[in-house]
Amino acid sequence: MTHSERKVLVPGPGHPITVEPTGARVTVRVGGRVLADSSAALTLQEADYPPVQYVPLGDVDQSLLRRADTVTYCPYKGDCSYYDVLGPEGAVSDAVWTYEHPYPAVAAIAGHVAFYTDRIDVAVERDG
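Numbering-wise, this note's numbering puts 126 at position 126 of the sequence shown, and it's gapless, one number per residue.
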């Protein structure tokens, strides 16, 4: 299937997607080492899936990232690229993902990365 033949879907009542400022500090750690620390994260809520924190790439220690060969496609968000994380116990494969050129409905996540919470520790620290 070529890029132009891919199905593109728009979020709606049957498959809602929202992107909102998290409004809290998000700290991401791998093996106890801080990978990201941000007060500018976005929360993407898609249908019935758990919410996902998207952190600005500028708030990530990019020296701990290595571009992976993995690429996937989401009809709602677009082409997705991955990073391995170089942790203290070795590389964590495909632990971070990004939509570098997301579709218009989720354009706010451009320049942000997200983390697999089963591989990387993601903490949302709300005041109060």
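No residue lacks a Cβ here, since even glycine has one placed at the ideal position from N, Cα and C.
The criterion of a C-beta distance shorter than 9 Å is satisfied by Arg-33 and Gly-87.
According to the DSSP assignment, Leu-35 belongs to the beta strand (DSSP E) that extends over 33-38. At least 9 Å separates the beta-carbon of Val-85 from that of Thr-27. Leaving aside the five residues that flank Glu-20 on each side, the residues in its chain whose CB is nearer than 6 Å to its CB run, in chain order, Thr-43. Residue burial is scored here from C-beta neighbours: Val-10 has fewer than 16 other C-beta atoms within 10 angstroms and is therefore classed as exposed. Taking all protein chains shown into account, Lys-77 has 16 or more neighbouring C-beta atoms within 10 Å of its C-beta and is therefore buried. Note that the C-beta distance between Ala-105 and Tyr-54 is not below 9 Å.
Exclusion of the five residues before and after Thr-98 leaves Ser-81 and Val-113 as the residues of its chain whose Cβ lies within less than 6 Å of its Cβ. It is roughly 4 Å from the alpha-carbon of Val-60 to the alpha-carbon of Ala-36. The three-state reading of DSSP puts Ile-109 in helix, counting H, G and I together.
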